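Novice: The structure that follows is given in the form of structure tokens.
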Amino acid sequence: MYHNIDFIIVGGGLAGCVLALELLNRDTNLLLVDRPLAGAASPIAAGIANPISGKRLVLEPDFDDKQAALNKFALVLEQLTGYKILVELPQTRFLNTLQSQALPKLRTIPGLQRFASENSLPDTNRENSLIISNTFRLDIQTTCRLIHNILDSTNSRITTQLDYDELVIGCENIRWRDFQSKKVIFCEGWRGILNPWFNALPFNLSKGQLLKLHQPYTQPSLSNWGQWEMQTGTERWLGATTERNYQHLNPDIEGRDLLLESLTLARKRHVTNLPSIQKAQIIKQYAGIRPATVDRKPFIGIHPSYPQVGIFNGFGGKGSLHIPRAAITFADQLLFARNNHDQARLEQLLSN
Ligand SMILES: Cc1cc2nc3c(=O)[nH]c(=O)nc-3n(C[C@H](O)[C@H](O)[C@H](O)COP(=O)(O)OP(=O)(O)OC[C@H]3O[C@@H](n4cnc5c(N)ncnc54)[C@H](O)[C@@H]3O)c2cc1C
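FYI, the numbering for the sequence shown is 7 to 358, going by this note's numbering.
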């Protein structure tokens, strides 16, 4: 006898967890299969959700919708568990010479004007920095832990690595061990490149390293000069490297030195009030792989040739902002067969 369920979700990082909560709240039965594997992003990610990002200070498309979904998701989880997982981070964005030169033009972009204002903080080089509003930090590690606990309370989580060979695809369902499910949804982060149904998708993985630092209690804040220093109120972080041609998944000395040098340079260049960091102040160094894609858009949908197999992956370095809204849209597709752009894009990518 099999346990009949609606979904098997493979991967319990932020993507798998948020999707699981969305589907649970819509009265479905599911099983989350997850094992913490090397290089996973969610156990180490900073969780910054930023309206303006990149060297060219680009405004995030559909920012209001994504932020509304993030706020709603955090509220639902906070009400279920009593934990606060989302805090606002006042952000100072320091500009390099090119960005400063482009500022008059940037100021004319209406969307940007909403979120960026001239800096009037003391002790900083005012001409070269902006205050960016609507910046938040989702505590991704606590979020995943809380959702794992919710799933554990109904025996809906198994801690093991799913082996693709164990999946048996039938006409209308898919079987794994004692479970018979309508669909399996892969949320495997960087390991999506190994998935036999989806390994043709154009992933563009990047390794990131960051440092957790000693600090006395300070107010939440984010100082961003391309790299960033984040104070959450109880923790202090310096991050993050972006490494495309990495040789291994672990933290290394090169990554640490790059971050410390970047901070030293930022202190010199921007005359900021950023505190300096000695190596002895480093509590721990972390590394993970961002499941990024070539065109920076996620892979979401059902396999065109295997209707029992789906994917929810490719959220790159912006999972906090993208995943909650994407989970709502994907749940609508899964439960009401609503087609959307994500499905059309997935089908096109897999047909190439
Ligand atoms: C250094 C760094 C800094 C970052 N900072 C930010 C930030 O400030 N803001 C932001 O929004 N995002 C940030 N990110 C990106 C963010 O981490 C990702 O967008 C998000 O966490 C991706 O979640 P995921 O669930 O898709 O993947 P992952 O977190 O990698 O989760 C995948 C999970 O699936 C499991 N798994 C895989 N295969 C199997 C299998 N066969 N069986 C069982 N389990 C399996 C893995 O072990 C893992 O638990 C950062 C990432 C890095 C590396």
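All C-beta atoms, glycine included, are put in the ideal place defined by N, C-alpha and C. Computed from a prediction, not measured in an experiment: that's the story for all the values here.
Here's the rule: buried if 16 or more other CB atoms are within 10 angstroms of the residue's CB, otherwise exposed. What is Ser-154?
Specialist: The question names Ser, but residue 154 in the sequence shown is His. Flag for His-154 reads buried.
Novice: Could you please give me the residues that DSSP links to Phe-209 through a beta bridge?
Specialist: In the DSSP output, where bridge partners are listed per residue, Phe-209 has Thr-299.
Novice: Taking DSSP's pairing of strands, which residues face Gly-316 in a bridge?
Specialist: For Gly-316, which the question treats as bridged, DSSP gives the partners Ile-191, Ile-308.
Novice: Are there any heavy atoms of ligand 1 lying less than 7 Å away from the beta-carbon of Trp-196, as far as the coordinates show?
Specialist: The answer is yes for Trp-196.
Novice: Determine, using beta carbons only, whether Leu-280 and Glu-235 come nearer to each other than 8 Å.
Specialist: Taking 8 Å as the Cβ cut-off, Leu-280 and Glu-235 qualify as a contacting pair.
Novice: Taking its Cβ as the centre, do 16 or more other Cβ atoms sit within 10 Å of Asn-134, making it buried, or is it exposed?
Specialist: Classification for Asn-134: buried.
Novice: Starting from the Cα of Val-39, find the closest Cα among Ser-227, Arg-163, Asn-346, Ser-159 and give me that residue.
Specialist: Closest option to Val-39, Cα to Cα, is Arg-163.
Novice: Give me the DSSP bridge partner(s) of Ser-123.
Specialist: Paired residue(s): Ile-137.
Novice: I'd like the list of long-range same chain contacts for Leu-81, defined as Cβ closer than 7 Å, with 5 residues on each side in sequence excluded.
Specialist: Answer for Leu-81: no residue qualifies.
Novice: Using only the alpha-carbon positions, how far apart do Gln-85 and Glu-28 sit?
Specialist: Straight-line Cα distance between these residues: approximately 14 Å.
Novice: Quick one: does the C-beta of Arg-296 sit closer than 7 Å to a heavy atom of ligand 1?
Specialist: Flag set: Cβ of Arg-296 near ligand 1.
Novice: Whole angstroms are fine: how far does the CA of Ala-298 sit from the CA of Gly-323?
Specialist: Cα-Cα distance, rounded: 7 Å.
Novice: State yes or no: is the C-beta of Ala-74 within less than 8 Å of the C-beta of Ile-295?
Specialist: Cβ distance not < 8 Å, so Ala-74 and Ile-295 don't count as in contact.
Novice: Is Ala-21 a contact residue of ligand 1, with contact defined as CB to any heavy atom under 7 Å?
Specialist: Checking every heavy atom of ligand 1 against the Cβ of Ala-21, one is found closer than 7 Å.
Novice: Between Ile-289 and ligand 1, is the CB less than 7 Å from at least one heavy atom?
Specialist: No, the beta carbon of Ile-289 sits no closer than 7 Å to any heavy atom of ligand 1.
Novice: Does the Cβ of Asn-210 lie closer than 7 Å to at least one heavy atom of ligand 1?
Specialist: No, Cβ of Asn-210 sits at least 7 Å from all heavy atoms of ligand 1.
Novice: I'd like the list of long-range same chain contacts for Ile-54, defined as Cβ closer than 6 Å, with 5 residues on each side in sequence excluded.
Specialist: The residues are Arg-143.
Novice: Skipping 5 residues on each side, what residues in its chain have a beta carbon closer than 6 Å to that of Leu-264?
Specialist: Same-chain partners within the cutoff: Thr-247.
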